[in-house]
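Asks:
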Amino acid sequence: MMPSLFLAHGAPSLVIENNSYTEFLKNLAANMDQPKAIVIFSSHWESCSLSVTAVQNHSTIHDFAGFPDSLYEITYPAKGDLDISDHLLTLFAKSGYLAELKNDRSLDHGVWVPLSIMYPDASIPVVSISVNPALSNQAQYKIGKAVKSLKRQNVLVIGSGGIVHNPEQFIVGMEVAEGWAVTFEHWIEEKLLKRDMESLLNFEEIAPFASLAVPTKEHFAPLLIAMGAGNHKRKPELLHRSFQYGNLSLSAWKF
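Mapping to UniProt numbering: the sequence shown position 155 is 155, numbers consecutive.
1. Distance check for residue 145 and residue 221, CA to CA, integer angstroms please.
2. Mapping DSSP to helix, strand and coil, what is residue 202?
3. Please report the straight-line C-alpha distance between residue 5 and residue 173, rounded to a whole angstrom.
4. Could you round the C-beta distance between residue 130 and residue 47 to whole angstroms and report it? I think they count as a contact, below 8 Å.
5. Which partner residues of residue 254 appear in the DSSP bridge assignment?
6. Could you check how far apart the C-beta atoms of residue 104 and residue 42 are, in whole angstroms? I think they sit under 8 Å.
7. Tell me the rounded alpha-carbon separation between residue 167 and residue 89.
8. Could you spell out where the alpha helix (DSSP H) holding residue 38 opens and where it closes?
9. Have a look at the DSSP bridge pairing and note the partners of residue 243.
10. Please check the pair residue 54 and residue 82, which I expect to be a contact at CB under 8 Å, by giving their CB distance rounded to whole angstroms.
11. With a floor of 3 residues, list each beta strand (DSSP E) that falls wholly inside the stretch 113 to 153, ordered by position along the chain.
Dropping the structure here:
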C-alpha cells in the first residue's frame with residue numbers, strides 16, 4: 001500500500017535548482033513503487049469548500065512573480081483522472097464534507113514544483129485538491145483520513161506545503177537556519193514521532209515560535225492532511241530536513 005507524504009515545495013525556483021532537497025525528491029521517486037495516480041493537496045489553492053480538479057489534461061499556472069523568466073516557461077502536462085475525482089466527492093461526503101469538481105483549475109506551483117522534480121515526464125495522472133486554512137486542525141486531519149482508502153488502490157496521497165513558512169521573514173541567500181525556525185521544526189518532529197495528537201492539534205497555543213513559523217495555516221494544513229491519510233500503525237518517518245532563506249522549511253515526512 002502506498003504511503004502518504006508531506007512534501008515542502010519551497011520557492012518556485014526550487015524546480016531549477018540542484019541542492020540536497022531536489023536530490024532527495026529525485027531519489028524518493030526512484031526508490032518508490034510508481035503510483036497509479038497522485039492526489040495532492042496544495043497550499044496554493046485555497047477555497048471555502050473542498051475543490052477537486054476534474055480534467056482530462058492539466059494546464060499549468062505560474063502563480064508567482066519576481067522569479068527568473070525560465071520558470072514561466074515550465075509546464076507540467078499531466079493527465080487527470082476523472083474516476084478518482086468523482087470518487088473523492090463520495091469519500092468526502094461519507095466523512096461529512098461537501099466538495100465540488102472544478103474543470104477550470106490549472107496546476108499551481110504547489111503541485112508542479114515537487115512533481116516536476118520527482119516525475120519529470122508527467123506520465124502519472126494527477127488530481128489536485130484545495131485546502132481551507134480556516135478549518136480546525138482536527139478537521140484537516142479528518143480530511144486526510146477521508147482519502148486514506150485511495151492508497152489501497154496504489155494512489156499516492158501528498159500534502160504539499162511547508163512546516164515553517166513566513167515570507168516576511170525570508171533572508172535571501174542565507175542558507176543557515178535561524179534558531180526559532182529550527183526550534184519549531186524540532187518541536188513538531190518530537191510530537192509527530194510520539195504521535196502526540198493533542199499537542200499537534202493545538203500547536204498554535206503551545207509550540208515555541210508558532211505564530212512566527214505559521215502566521216497563516218494554508219502551508220501547515222497539508223501536514224495534518226497527510227498525517228490523517230497515513231498508516232496509523234506505522235511510526236511517522238522524517239525523510240528530509242533542510243532550510244532556505246534562513247527559515248523556509250524544506251521538510252518531508254512519510255506517514
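We treat Cβ as the ideally placed atom computed from N, Cα and C, and that holds for glycine.
Replies: Straight from the coordinates:
1. 13 Å
2. coil
3. 28 Å
4. 4 Å
5. Residue 254 is bridged to 5, 237.
6. With 8 Å as the limit, residue 104 and residue 42 do not qualify as a contact, their Cβ atoms being about 16 Å apart.
7. The straight-line gap from Cα to Cα measures roughly 33 Å.
8. Per DSSP, residue 38 belongs to no alpha helix (DSSP H); it is in the beta strand (DSSP E), 37 to 46.
9. 249
10. With a Cβ gap of about 6 Å, residue 54 and residue 82 count as contacting.
11. 126 to 131
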